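Accompanying notes for the structure given below.
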Amino acid sequence: PATELERMPVSLLCLGVLIHHHYLTESIVPPEVRPKPAVPAKPPHVAAPSPTAPHGPSGLGGGFGVDRVPGLGHSGSGSTLLGYIGIDTIIEQMRKKTMKAGFDFNIMIVGHSGLGKSTLVNTLFKSQVSRWSSGWGGEHKIPKTVEIKAVSHVIEEGGVKMKLTVIDTPGFGDQINNENCWDPISKYINEQYEKFLKEEVNIARKKRIPDTRVHCCLYFISPTGHSLRQLDIEFMKHLSRVVNIIPVIAKSDTMTPDEKNEFKHRVRKELETHGIEYYPQNEFDDDMEDKNENDKIREAMPFAVVGSDKEFQVNGKRVLGRKTAWGVVEVENPNHCEFALLRDFLIRSHLQDLKEVTHNIHYETYRARRLNDNGGLHPISANNTQESNL
Ligand code: GDP
Ligand code: MG
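Read the sequence shown against full-length UniProt numbering and you will find it ends at 390, with the numbers running on by one and no gaps.
Listed below in structure tokens is the structure:
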């Protein structure tokens, strides 16, 4: 009869296969896993585990092949073998790495001037307002943007560092002739994809490519109460194919609740009529859980927001708000406006997904087109002055 030692790798292998199978088919692994030694002969490279085995517990990332089975340093009983392996610690391992590396988040704001774009971004990241570069927020008058400008800042919360870049665009649609006025914006977005691609195809590429790609474009809709402007439709139509667009209704405190609801409804209808796919796009829902969650969000969009950098005293609490004829509209009160909904969606529930859709869909589309046009991939170096290769 086989000794415990000889049986160990085989049972671990079987367990591995079962787990793998579980991942693939989502079948339920019976609680009592009693793998029979299905492999008659011990593969020659499965040696008795020794403390010096090359694959310690860290060999986890390499799949479930026999030679990847972590060598346990002792001949435990059967129950130890079939018990805890430690797969779930990968979450903690990832957490640590993310904490160390930090991450980039790039948000672009578009809409005609005076719609409260700068104010809203200041409100979103308000705890950091005092640390923004001077001239942005605070007591300063916010300057009118005349060119596309990216301002970055590292924000840290709970030990996690986020490099936030806000890309402010010049008052969109401020001109008399607004024909193709989305061109500079589209050009900017594509330039960031190009930058990333160049780094990616580099022979000596960086371990971590700096990510300047626009993860999210907040599009500000004027609170007219009527309908979308032709320009809004054109912009979103053109850009929704290259970037995650999140439409918001600006300065919603200027509408009554009834007007607001009716306007939201109408805007949603118009977006649908024109086939505009804003974020979170239906087609990228991963599963039913995703779909249900995102359906709720889509039904509530576009969020009607209010921004402010002024504090008021309400019931003894200091809140951000705007004074109106009816009283103080509290920015973070969900009964007053949908700022909190937008913030939770953008940062607390969908930030990672925004980054993933940008990378896996928008960037991937750009990349495929670019490499196709190029008739194949030519290696280029970062210092290559000839731009013709890519
Ligand atoms: P931007 O040109 O789109 O960046 O707009 P700003 O953020 O500079 O804001 C333009 C003006 O609108 C400022 O006087 C703001 O105080 C005001 N404002 C900003 N957000 C709101 C809002 O939600 N409601 C109202 N009523 N006014 C706002
Ligand atoms: Mg501004």
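Each residue gets a CB set at the ideal place from its N, CA and C atoms; glycine is no exception. From a predicted model like this one, the values you see are computed outputs, not experimental measurements.
In this structure, DSSP gives Arg268 a helical state, which the three-state scheme calls helix. For Asp232, the CB contacts under 7 Å within the same chain, skipping 5 residues up- and downstream, are Ile221 in chain order. Following the DSSP letters along the chain, one finds Tyr193 inside the alpha helix (DSSP H) bounded by residues 183–201.
No residue range can be given for Phe345, since it is assigned to no alpha helix (DSSP H) and is classified by DSSP as neither H nor E.
Glu311: member of the beta strand (DSSP E) spanning 311–314, first to last residue. Note on the segment 199–254: whole beta strand (DSSP E) runs with a minimum of 3 residues are 216–221, 245–249, in chain order.
Straight through space, the alpha carbons of Gly275 and Ile203 are spaced by roughly 41 Å. Within the chosen limit of 6 Å, ligand 1 does not reach the beta carbon of Thr256 with any heavy atom. Between the alpha carbons of Phe125 and Val305 lies a gap of roughly 15 Å. For Arg205, same chain residues with a beta-carbon under 8 Å away, outside a window of 5 residues either side, are Glu199 in chain order.
Its chain contains Asn106, Ala150, Ser152 as the residues whose beta carbon lies nearer than 6 Å to that of Thr165, once the 5 sequence neighbours on both sides are disregarded; these appear in chain order. As a beta-bridge residue in DSSP terms, His153 pairs with Leu164.
Look at Thr256 here: in three-state DSSP terms it is coil, with no helix or strand label. For the pair Phe345 and Ile297, the CB atoms are nearer than the 7 Å cut-off.
Of the heavy atoms belonging to ligand 1, none sits nearer than 6 Å to the Cβ of Gly173. In the DSSP assignment, Asp104 forms a beta bridge with Lys163.
According to the DSSP assignment, Leu115 belongs to no alpha helix (DSSP H), since it is labelled neither H nor E.
About 6 Å separates the Cβ atoms of Ile245 and Leu239, confirming a contact at the 8 Å cut-off. About 16 Å separates the beta carbons of Gly173 and His226, which is beyond the 8 Å limit, so they are not a contact pair. Counted as a single uninterrupted DSSP element, the stretch harbouring Lys126 is not any beta strand (DSSP E), since DSSP gives it neither H nor E. Relative to the Cα of Glu332, the nearest Cα in the group Gln192, Glu311, Gln93, Ile249 belongs to Glu311. Inclusion of Arg322 and Val329 in the CB contact set at 7 Å is warranted, their separation being smaller than that value. For the pair Leu120 and Ala368, the Cα-to-Cα distance works out to about 35 Å. For Val329, there is no enclosing alpha helix (DSSP H); the residue is found in the beta strand (DSSP E) stretching over 327–330. Taken atom to atom, the span from the alpha-carbon of Phe235 to that of Asp183 is near 9 Å. Considering only Arg213, Tyr366, Leu320, Lys161, the residue with the shortest C-alpha distance to Lys96 is Lys161.
For the pair Leu354 and His265, the CB atoms are not nearer than the 7 Å cut-off. In the structure shown, the three-state DSSP call for Thr169 is coil. With 16 or more other Cβ atoms inside 10 Å of its own Cβ, Pro170 counts as buried.
Within its own chain, the residues whose Cβ lies closer than 7 Å to the Cβ of Thr358, once the five positions on either side in sequence are excluded, are Arg213, His215, Asn244, listed in chain order.
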